[in-house]
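Asker: One structure follows; several queries about it will come next.
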Ligand code: ATP
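In the numbering used here, the protein residues as written are 545 to 778.
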């Protein structure tokens, strides 16, 4: 569904992505793992049009995405939940969700709102609350809910577990699986490799801007290098 080929991204002289090739199949959850600074966030930003690649191709069901502005990429079905959530703090929960659907003109918005409220009952309870006063976990739910309001074909999630208490991390990953079972394809960037590999079908390990390893979640989970570097084994 989503194909990335030989992607290079530069920040000035810094060569952040050095020929990344990866793919995400329809219906999959694919995990993108790797240490700090490996280029995971940069990859998601290039996919959603926030960064322009120096070289390489990105296609969504065969249609090129490079050079298309971010708001049009959303309309094509790619929704990005950025690191650190970036919700609109002064707007209410409901207004944030409405913003997620701002570019849509189809009739499915009400139904998607119900879907988000079913996935996150807490957001329904708090629909009139100003988003900046939500807890960290609730803000993450809102960021994911807002992205779902764009009715994406693929959801790009950047570190959804970051800063959350363990019980909330489990909840967020369960919800990610529910979203996927409802038909949304997911590319998941995570520092929490154990949780990511528990929910993903496949994964890639990025190191210093290149894909160092790839395989099924089970293969990566059993790989001694992955176990040592990312799963906390001595
Ligand atoms: P983390 O897990 O720490 O978020 P990451 O794998 O997402 O790491 P990126 O944020 O994609 O890594 O960064 C990749 C490289 O690009 C790093 O060396 C980083 O310092 C550099 N980089 C990222 N953003 C910028 C920027 N705006 N200007 C210059 N260099 C940047």
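Think of the CB as a built atom: it goes at the ideal place given N, C-alpha and C, for glycine as much as any other residue.
Using the beta-carbon count (16 or more within 10 Å), is residue 682 buried or exposed?
Answerer: Looking at its Cβ environment, which holds 16 or more other Cβ atoms inside 10 Å, residue 682 is buried.
Asker: Say yes only if the C-beta of residue 735 is nearer than 7 Å to one or more non-hydrogen atoms of the ligand ATP, and no if none qualify.
Answerer: At least one heavy atom of the ligand ATP is nearer than 7 Å to the Cβ of residue 735, so yes.
Asker: Measure the CB-CB distance between residue 614 and residue 649 and report whether it falls below 8 Å.
Answerer: Contact flag unset, no.
Asker: Any idea what DSSP makes of residue 686, helix, strand or coil?
Answerer: Correct three-state label for residue 686: helix.
Asker: What do you reckon, are the CB atoms on residue 563 and residue 754 nearer than 8 Å?
Answerer: Closer than 8 Å, so yes.
Asker: Under 7 Å Cβ to Cβ from residue 641, same chain only, skipping five residues before and after it: list those, please.
Answerer: Around residue 641: 657, 660, 689, 690 and 693.
Asker: Residue 615 lies in the alpha helix (DSSP H); which residues open and close that run?
Answerer: 614–620 is the span of the alpha helix (DSSP H), which, as asked, contains residue 615.
Asker: Just mark residue 634 as buried or exposed, buried being the case when its beta carbon has 16 or more other beta carbons within 10 Å.
Answerer: Result: exposed.
Asker: Go through the segment 635–714 residue by residue and report every complete run of the alpha helix (DSSP H) that reaches 4 residues or more, in order.
Answerer: Here the runs fully enclosed are 637–644, 653–663, 665–669 and 680–692.
Asker: Report yes if the C-beta distance between residue 717 and residue 743 is below 8 Å; otherwise report no.
Answerer: Against a cut-off of 8 Å, the Cβ pair of residue 743 and residue 717 comes out as a contact.
Asker: Any idea if residue 675 is buried or exposed, counting beta-carbon neighbours within 10 angstroms, 16 or more meaning buried?
Answerer: Result: buried.
Asker: Beta carbon of residue 756, beta carbon of residue 747: below 8 Å?
Answerer: No.
Asker: Do residue 622 and residue 698 come within 8 Å of each other at the CB atom, strictly closer than that value?
Answerer: For residue 698 and residue 622, yes; Cβs fall inside 8 Å.
Asker: The ligand SAM and residue 728: does any heavy atom of the ligand fall closer than 7 Å to the residue's C-beta?
Answerer: Looking at this structure, you won't find the ligand SAM anywhere; what it does contain is the ligand ATP.
Asker: With a threshold of 7 Å, establish whether the CB of residue 593 neighbours any heavy atom of the ligand ATP.
Answerer: Checking every heavy atom of the ligand ATP against the Cβ of residue 593, none is found closer than 7 Å.
Asker: Identify the residues that DSSP records as bridge partners of residue 561: which are they?
Answerer: Answer is 553.
Asker: Going by C-alpha distance, which of 721, 686 and 637 is nearest residue 629?
Answerer: Nearest C-alpha to residue 629: 686.
Asker: Going residue by residue through the segment 727–770, where are the continuous beta strand (DSSP E) segments of at least 3 residues, counting only ones entirely within it?
Answerer: Fully enclosed beta strand (DSSP E) runs of 3 or longer: 729–733, 746–751 and 754–760.
Asker: Suppose you measure from the CA of residue 570 to the CA of residue 729; what does that come to, to the nearest Å?
Answerer: For residue 570 and residue 729, the distance between alpha carbons rounds to 6 Å.
Asker: Taking contact to mean 3 or more Cβ pairs, one atom from each stretch, closer than 8 Å, check whether the segment 549–556 and the segment 597–610 are in contact.
Answerer: Yes, the segment 549–556 touches the segment 597–610.
Asker: Taking the alpha-carbon positions, what's the residue 711 to residue 673 distance?
Answerer: Answer to the nearest angstrom: the Cα atoms are 23 Å apart.
Asker: Could you tell me the boundaries of the alpha helix (DSSP H) in which residue 591 lies?
Answerer: Unbroken alpha helix (DSSP H) run through residue 591: 584–591.
Asker: For residue 631 and residue 766, I'd like the C-alpha separation in whole angstroms.
Answerer: Using only the alpha carbons, I get a separation of about 37 Å.
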